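Participant:
Residue numbers (my numbering): 727 to 890.
Pasting the structure below:
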């Protein structure tokens, strides 16, 4: 169960689990090009999912993964939200985020639906919930955390240990 400030929030879409093949979806990069996440890529993929980069917890989560990403030579690290690519770019520039690729699901909401991470109700309806998904080089999900209280940070240590 997911909550937002203690109140139940329902997730839409088909939720993925450890052992599943990670759905391959296209997200929007800062230059408005399409970038594929999920599926086999030959590298680990750390998919850091946040409701909006304009909140303190989301910003802290992204900064933490940016710091850790420089230590992960065989991994691509993404931050995915519904924020517009322009806002994501501004955030990354201001915060000095250089090791994480910011991607937006605003165009099709395909990521939220295929990973089961789109909020179907609550004051954050239409945004993505807070989660971390780790995909192995062959495209299998090896770690999945949907943070139970959206206002809390994820378990960074467990997510990063999934890459070992």
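From the three backbone atoms N, C-alpha and C, an ideal C-beta is built for every residue, glycine too. Keep in mind that this is a model prediction, so the values were computed, not measured.
What does the Cβ neighbour count give for residue 768, buried or exposed, with the cut at 16 atoms within 10 Å?
Facilitator: That one is exposed.
Participant: Determine contact between the region 741 to 752 and the region 775 to 790, defined as no fewer than three beta-carbon pairs at a distance below 8 Å.
Facilitator: Not touching, per the Cβ criterion.
Participant: Label residue 727 either buried or exposed according to how many other C-beta atoms from any shown protein chain fall within 10 Å of its C-beta, with 16 as the threshold for buried.
Facilitator: By the 10 Å Cβ count, residue 727 comes out exposed.
Participant: Roughly how many angstroms lie between the CA atoms of residue 837 and residue 864, to the nearest whole one?
Facilitator: Between residue 837 and residue 864, the C-alpha separation is close to 19 Å.
Participant: Could you have a look at residue 785 and say whether DSSP puts it in helix, strand or coil?
Facilitator: Residue 785: helix per DSSP, three-state reduction.
Participant: Using a Cβ-Cβ cutoff of less than 8 Å, which residues in the same chain neighbour residue 870 once the five nearest sequence positions on both sides are dropped?
Facilitator: So the qualifying residues of the chain are 742, 743, 744, 857, 858, 859, 860.
Participant: Residues in the same chain with beta-carbon distance under 8 Å from residue 801, minus the five sequence neighbours each way, listed in chain order, please.
Facilitator: Answer for residue 801: 769, 770, 771, 772, 795, 889, listed in chain order.
Participant: Where in the region 819 to 853 do unbroken runs of the beta strand (DSSP E), each at least 3 residues long, occur, reported from the N-terminal end onward?
Facilitator: As far as the region 819 to 853 is concerned, its whole beta strand (DSSP E) runs of at least 3 residues are 827 to 830.
Participant: Going by DSSP, what residues sit across from residue 774 in a beta bridge?
Facilitator: In DSSP, residue 774 forms a bridge with 805, 858.
Participant: Secondary structure at residue 753, three-state DSSP: helix, strand or coil?
Facilitator: If DSSP states are grouped into helix, strand and coil, residue 753 belongs with the strands.
Participant: Once DSSP output is grouped into helix, strand and coil, what is the label at residue 871?
Facilitator: Residue 871 falls in the strand class under three-state DSSP.
Participant: Please list the terminal residues of the continuous beta strand (DSSP E) segment that includes residue 735.
Facilitator: From DSSP, the beta strand (DSSP E) with residue 735 extends over 733 to 735.
Participant: List the residues that DSSP assigns as beta-bridge partners of residue 675.
Facilitator: Nothing about residue 675 can be reported from this structure: the residues present for the chain run from 727 to 890 only.
Participant: Please return the same chain residues whose Cβ sits closer than 7 Å to the Cβ of residue 747, not counting the five positions on each side in sequence.
Facilitator: Hits under 7 Å: 865, 866.
Participant: Are the CB atoms of residue 764 and residue 845 nearer to each other than 9 Å?
Facilitator: Result no, Cβ atoms of residue 764 and residue 845 do not sit closer than 9 Å.
Participant: Going by alpha carbons, who is nearest to residue 812 out of 793, 733, 841, 832?
Facilitator: Minimum Cα distance to residue 812 is reached at 832.
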